[in-house]
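Presented below is the structure to which this report refers.
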Amino acid sequence: MLKGHQLAWYGSDGKLVQERLLPGATKMAVDSDGVWVMTVSSTASSNLARLNKYANSGDFLGAYPLPAPGAIAIGASSVWVVESGDVIHEYGKTPALVTSN
21 MLKGHQLAWY GSDGKLVQER LLPGATKMAV DSDGVWVMTV SSTASSNLAR LNKYANSGDF
81 LGAYPLPAPG AIAIGASSVW VVESGDVIHE YGKTPALVTS N
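Anchor point for the sequence shown: position 32 equals 52 in this note's numbering, and the numbering is continuous, going up by one each time.
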């Protein structure tokens, strides 16, 4: 079973603003709008991957279900997820799949 990770937001004064426990967190990427966190939950038959978006304030903005876990790369207006093999998905900064190859 995968263990969770804690993601914390601190204000400019150094005080804790918000924190979240992210079970199964595997990868993280930061952009100007906040943070993207990939989580993977294992079941008996499969791994369920999600790409979660949090605002700079720590508020949850949305999530994308992913076909498989992979690498995360941040673009100017989107986030890219590279799965095992040559499959690349592009997700917009707001929860919607933009393109897939």
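Beta carbons are placed, not taken as given, at the ideal position from N, Cα and C, and that holds for glycine.
First through last residue of the beta strand (DSSP E) which encompasses residue i
i, result
"G82", "F80 to L86"
Beta-carbon gap between residue i and residue j smaller than 9 Å
i, j, result
"M48", "V57", "yes"
"G82", "N72", "yes"
"P4", "V55", "No answer is possible for residue 4: it lies beyond the span of the chain, which begins at 21 and ends at 121."
"A91", "V102", "yes"
"G112", "S97", "yes"
"L86", "A69", "yes"
DSSP state of residue i mapped onto helix, strand, coil
i, result
"V107", "coil"
"V102", "strand"
Rounded Cβ spacing between residue i and residue j (contact assumed at less than 8 Å)
i, j, result
"A75", "D53", "7 Å"
Pick out the complete beta strand (DSSP E) segments inside the segment 29 to 97, 3 residues or longer, and give them in chain order.
36 to 43, 45 to 51, 54 to 62, 67 to 75, 80 to 86 and 90 to 94
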